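Notes for the one structure printed next.
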Amino acid sequence: MSEADETTDPNDRQFVKALARGLDVLRCFDRPHAVLNVAEIARRLGMSQPTAWRLCYTLLKCGFLVRSSTGRGLSIGAPAITLGYIAAQGQNARSVAMPYLRSIVDDIGTSATLSLRADDEMIWMEQIDGDMIVRDHAIGWRAPLDTVAAGLAVLAALPEQEREMAMARMALADPERLERHRDRVAQAVASLADNGHVELTGGFGGRYASVAVPLFPTGTAPSEQWCLVCGGIMGAWSENGLGHVAQRLVATRALLAPAMAALEAQSVSPDSLRA
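Numbered continuously in my numbering, the sequence shown closes out at residue 462.
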């Protein structure tokens, strides 16, 4: 199913679904899948091959897709590359993520926080307050990885070896605490694998609930490990509130993770190293 089908109101008359599906086609292409055929695109988006072909044909005509050098598939064309290059200039993780944080807060009312791993802690780097907030954690606040939703989401996304190394370091500082939280980490790993997000309820004296998504692909360990968290007072959530926020965060992660990966690649490119 395409992201347009998952995240939009079917009654929204301003939304151009055909355009959204064309953008979904472009999002199918990434570094491991730089060349795709129509059947692969149709399978990824859960649509028929004739529908996928019409979308690809339109993008071919506009130059946003081109036939690969082998003639056996399609790849991203120059106009799309140009847009990506222009968008990336002068950008960083914060500037890329902040508009999405603002959109979540405006639409849902929960607070939204962008945090970054620093060794065995998460640091709150940016926050936008909504209606359901706890006002005692300012920018720069730190928490151990295994005690907050953001840290659990980052641990869950790391390769198993990296995760075990991080947990071993934390055990040196406080073995008893880590043993208490080991099941919590295992649950986070399972939740991220099954649902694409991590939930933590009952925090801060039983009054707080939060949902987190790592902004990097599961099974990788980029040099900067960012996480997006939404949280609020438990009594302020509606019955389906956590689930609704979780769906929104999973969709936001799908948009942001490739952009974060591109920024990471740009920061370690040969040109950047020579600069």
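Cβ atoms here follow ideal geometry from the backbone N, Cα and C, with glycine treated the same way. These numbers were taken from a predicted model, which means no experiment stands behind them.
Could you check how far apart the C-beta atoms of residue 300 and residue 313 are, in whole angstroms? I think they sit under 8 Å. 7 Å
With a 10 Å radius around its C-beta and 16 neighbouring C-beta atoms as the bar for buried, classify residue 387 as buried or exposed. buried
Would you kindly work out how many angstroms separate the C-alpha atoms of residue 279 and residue 413, rounded to a whole number? 12 Å
Counted within 10 angstroms of its Cβ, other Cβ atoms place residue 410 as buried (16 or more) or exposed: exposed
Under three-state DSSP, which class holds residue 304? strand
Could you say if the region 360-370 and the region 399-408 meet the contact criterion of at least three C-beta pairs nearer than 8 Å? no
Where does residue 317 land, buried or exposed, given buried means 16+ other C-beta within 10 angstroms? buried
Label residue 447 either buried or exposed according to how many other C-beta atoms from any shown protein chain fall within 10 Å of its C-beta, with 16 as the threshold for buried. buried
Locate the alpha helix (DSSP H) running through residue 345, then write down its first and last residues. Residue 345 -> no alpha helix (DSSP H), and no H or E assigned at all.
Are the beta-carbon atoms belonging to residue 400 and residue 340 less than 9 Å from one another? yes
Report the partner residues of residue 310 according to the DSSP bridge assignment. 303 and 329
With DSSP collapsed to three states, give me the class of residue 223. strand
DSSP state of residue 235 mapped onto helix, strand, coil: coil
Near residue 432, what residues of its chain come up, given a Cβ to Cβ distance below 7 Å and the 5 sequence neighbours on each side ignored? 295, 297, 398 and 417
Excluding the 5 residues preceding and the 5 following residue 235 in the sequence, name in chain order all residues of the same chain whose CB lies nearer than 8 Å to its CB. 229
Can you list, in chain order, the residues of its chain whose CB lies under 6 Å from that of residue 437, leaving out five sequence neighbours each side? 383 and 384
Could you round the C-beta distance between residue 244 and residue 443 to whole angstroms and report it? I think they count as a contact, below 8 Å. Actually they are not in contact, since the Cβ atoms of residue 244 and residue 443 sit about 29 Å apart, beyond 8 Å.
Sequence-distant residues of its chain with Cβ nearer than 7 Å to residue 223 (five each side left out): 215, 216, 260 and 261
Output yes or no for whether 9 Å exceeds the beta carbon distance between residue 208 and residue 238. yes
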